[in-house]
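If you use full-length UniProt numbering, the sequence shown corresponds to residues 1 to 138, in order. All residues carry an ideal CB built from backbone N, CA and C; glycine is no exception.
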Amino acid sequence: MSDSHRGSCLCGAVRFRTDGALRGVVYCHCSQCRKQSGHFYAATNVANADIVIEGTESITWYEASAFAKRGFCKACGSVLFWKPRDQDYISVMAGSFDKPTSLEGECHIFVGDKGDYYSIDDTLPQFEKSTPSIPVAE
């Protein structure tokens, strides 16, 4: 998909616009994502050159590993971004986009670490850790 999309945090202090292709939504069930968001992540990716972020002074970045940092609004706490080091893209939480998104699920990663209080009931591919096309922290 390659249309322009807009989104924001809950309070509107951080707003963004994407103009490039978005990856399908990847559902990450790792313990870091679950602990930060309270459930699993649902995120798409966009090239760094294809996103404009307003309100960057309201973003707090937390480096959960040497591989990536996680961005959230310091005013309302909305989880917004996951940014790997030395990569030319940023992951954006699918729920932070305004409708219509045209986003579709792609796969589930880290299902071996998923919470014990839910099941995965769709037909999307599931991976114990990740796939070669989705670099993640080990």
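One question on the structure: do residue i and residue j come within less than 8 Å of each other, judged by their Cβ atoms?
i, j, result
"Ser-8", "Arg-15", "yes"
"Ala-13", "Met-93", "no"
"Arg-23", "Asp-98", "no"
"Tyr-89", "Ala-47", "yes"
"Ser-25", "Glu-106", "Just to set this straight, residue 25 is Val in the shown sequence, not Ser. The answer is yes: Cβ separation under 8 Å."
"His-29", "Val-136", "no"
By DSSP's criteria, residue i is part of a beta bridge. Which residues make up the other side?
i, result
"Glu-54", "Arg-15"
"Asn-45", "Ser-91"
"Val-79", "Phe-72"
"Pro-125", "The partner list for Pro-125 (beta bridge, DSSP) is empty, contrary to what the question assumes."
"Cys-9", "In the DSSP output, where bridge partners are listed per residue, Cys-9 has none listed."
"Tyr-62", "Arg-70"
"Pro-84", "Ala-68"
"Gly-105", "Val-25"
"Phe-97", "Gly-7"
Report the CB separation of residue i from residue j in whole angstroms; it is logged as a contact under 8 Å.
i, j, result
"Ile-51", "Lys-74", "That pair is no contact at about 19 Å."
"Ser-91", "Trp-82", "4 Å"
"Ser-65", "Phe-72", "The pair is not a contact, with the Cβ atoms about 16 Å apart (cut-off 8 Å)."
"Ser-31", "Asp-122", "That pair is no contact at about 21 Å."
Nearest to residue i by alpha carbon, out of the options?
i, options, result
"Gly-115", "Val-26, Leu-10 and Lys-35", "Lys-35"
"Leu-103", "Leu-10, Cys-11 and Tyr-27", "Tyr-27"
"Asn-45", "Asp-19, Cys-76, Pro-100 and Tyr-118", "Asp-19"
"Pro-84", "Pro-100, Ile-134, Ile-109 and Ile-53", "Ile-134"
"Ser-130", "Ile-109, His-39, Arg-70 and Tyr-118", "Ile-109"
"Cys-11", "Leu-124, Pro-125 and Cys-76", "Cys-76"
"His-39", "Ser-119, Pro-125, Pro-132 and Gln-126", "Ser-119"
"Lys-87", "Glu-57, Lys-69, Asp-3 and Pro-100", "The sequence shown places Gln at residue 87, rather than the Lys named in the question. Gln-87 has its Cα closest to that of Lys-69, out of Glu-57, Lys-69, Asp-3 and Pro-100."
"Asp-3", "Trp-61, Thr-101 and Pro-125", "Thr-101"
"Thr-56", "Ala-49, Leu-80, Tyr-117 and Leu-124", "Leu-80"
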